[in-house]
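A.B. asks:
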Amino acid sequence: MSLCTRSFSLLVALLLGACTSSSPHRPVVASGAAVPDMTRIYRAGDIYFAGQPDVARFEQLRDLGVRTVINLRSAREMTELAEAEQDALDQITVLRDLGLHYVHIPLGGNDGYNPTHVQAFAAAIEAASGPVLVHCASGARARVMWQAYLVTYRGYTLDEAVEITRTLGDNPYPIEQLLGRRLRQRPAGRL
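Residue numbering for the sequence shown is 1 to 191, as defined by our numbering.
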């Protein structure tokens, strides 16, 4: 076998190996849109964003292909929800019974906000097999976490990430409502 043939064979083997490597799933970054016939549920690629779903909504999302649910509600919120619903929405049990993988990353309140939350989110979203639902109480933390993921793990600027999430049901800031126009967020975190 000639050196040229061996080199070509080695190149083909390397390329095939790269194609079959087990790198983490990186979700497609896309502009979002409302999901038809589902109030305040938005989809961008394989990622759905929502406020707290009820059991029927979890079933509908499963039927749309969702396989993983990432809950960003704080630990306190989940305790209060269980007490208010009198355990009618035991999210872990409901999702297990529906065959969905559940990840809870408590965010906000006493749980705070820090880079380890974004690391946990990135690990969960990249390990997911199939579409993912990201939710909190209203959907706001879900969108902000997506922004943090896009900036930290995907190389987007903060302005780009904010613009992407504006297509995911992002409500205008109160100042934007008062001024009658949208503002762009600045990297320093100021409007």
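Even glycine gets a Cβ: it sits at the ideal position worked out from N, Cα and C. Model, not experiment: these values are computed from the prediction.
Please say whether P106 and A140 have beta carbons closer to each other than 7 angstroms?
C.D. replies: Counting from one through the sequence shown, the residue named residue 140 turns up at place 140. Counting from one through the sequence shown, the residue named residue 106 turns up at place 106. No, these two residues do not count as a Cβ contact at 7 angstroms.
A.B. asks: Using only the alpha-carbon positions, how far apart do T39 and A122 sit?
C.D. replies: On the sequence shown, position 39 is the one that residue 39 refers to. On the sequence shown, position 122 is the one that residue 122 refers to. Note on geometry: alpha-carbon atoms of T39 and A122 lie some 27 angstroms from one another.
A.B. asks: Using the C-alpha atoms, what's the distance from L178 back to V66?
C.D. replies: By one-based count along the sequence shown, residue 66 stands at place 66. By one-based count along the sequence shown, residue 178 stands at place 178. Taking the straight line joining both Cα atoms gives about 38 angstroms.
A.B. asks: Return helix, strand or coil for A148, following the three-state DSSP convention.
C.D. replies: In the sequence shown, counting from the first residue as 1, residue 148 sits at position 148. Helix, per DSSP.
A.B. asks: List the endpoints of the continuous alpha helix (DSSP H) containing D93.
C.D. replies: If you number the sequence shown from 1, residue 93 lands on position 93. Before going further, note that residue 93 is Thr rather than Asp in the sequence given. 91 to 97 is the extent of the alpha helix (DSSP H) around T93.
A.B. asks: With a cut-off of 7 angstroms, does the C-beta of Q119 fall near any C-beta of chain C?
C.D. replies: In summary, chain C is missing from the structure at hand, where a single protein chain is found.
A.B. asks: Using a threshold of 7 angstroms, state whether the C-beta atoms of P27 and I125 are closer than that.
C.D. replies: Taking the sequence shown and counting its residues from 1, the one referred to as residue 27 is at position 27. Taking the sequence shown and counting its residues from 1, the one referred to as residue 125 is at position 125. Contact: yes.
A.B. asks: Which term fits D170, buried or exposed, when burial requires 16 or more other beta carbons within 10 angstroms of its beta carbon?
C.D. replies: Walking along the sequence shown from the start, residue 170 turns up at place 170. Answer is buried; the Cβ neighbour count reaches 16.
A.B. asks: Where do the N-terminal and C-terminal ends of the beta strand (DSSP E) with I47 fall, by residue?
C.D. replies: For the purposes of this step, residue 47 is taken as residue 47 along the sequence shown, with counting starting at 1. Run containing I47: 47 to 50, per the beta strand (DSSP E) assignment.
A.B. asks: Determine which residues share a DSSP beta bridge with I105 and list them.
C.D. replies: Reading the sequence shown from its first residue, position 105 is the one you call residue 105. In the DSSP output, where bridge partners are listed per residue, I105 has none listed.
A.B. asks: Roughly how many whole angstroms lie between the Cα atoms of A166 and L158?
C.D. replies: In the sequence shown, counting from the first residue as 1, residue 166 sits at position 166. In the sequence shown, counting from the first residue as 1, residue 158 sits at position 158. Here residue 166 turns out to be Arg, not Ala, going by the sequence shown. When rounded, the distance between both Cα atoms is 12 angstroms.
A.B. asks: Taking the beta carbon of L183 as the centre, do at least 16 other beta carbons fall within 10 Å, making it buried, or is it exposed?
C.D. replies: For the purposes of this step, residue 183 is taken as the residue at position 183 of the sequence shown. Flag for L183 reads exposed.
A.B. asks: Do you know offhand how far L64's Cα is from F49's?
C.D. replies: Within the sequence shown, the letter at position 64 stands for residue 64. Within the sequence shown, the letter at position 49 stands for residue 49. Taken atom to atom, the span from the alpha-carbon of L64 to that of F49 is near 13 angstroms.
A.B. asks: Suppose the cutoff is 8 angstroms on Cβ atoms and the five residues either side in sequence are ignored; what does the same chain contact list for V197 look like?
C.D. replies: It is not possible to answer for residue 197, since the shown part of the chain is limited to 1 through 191.
A.B. asks: If we count the other Cβ atoms within 10 Å of its Cβ and call it buried at 16 or more, is A128 buried or exposed?
C.D. replies: Taking the first residue of the sequence shown as position 1, residue 128 is located at position 128. A128 is buried by the Cβ-count criterion.
A.B. asks: Taking the C-alpha atoms as reference points, what is the distance between I47 and L150?
C.D. replies: By one-based count along the sequence shown, residue 47 stands at place 47. By one-based count along the sequence shown, residue 150 stands at place 150. I47 and L150: Cα-Cα distance of roughly 13 angstroms.
A.B. asks: Could you pull the DSSP bridge partners for N71 from this structure?
C.D. replies: Here residue 71 corresponds to residue number 71 of the sequence shown, with the count starting at 1. For N71, which the question treats as bridged, DSSP gives the partners H104, H135.
A.B. asks: For M78, collect the residues of the same chain with a Cβ closer than 8 angstroms to its Cβ; drop the 5 residues on either side in sequence, then sort them by chain order.
C.D. replies: Numbered from its first residue, the sequence shown carries residue 78 at position 78. N71, Q91, H104, P106, listed in sequence order.
A.B. asks: Give a yes or no on whether the C-beta atoms belonging to L133 and V69 are separated by under 7 angstroms.
C.D. replies: Taking the first residue of the sequence shown as position 1, residue 133 is located at position 133. Taking the first residue of the sequence shown as position 1, residue 69 is located at position 69. Yes, Cβ-Cβ distance for L133 and V69 is below 7 angstroms.
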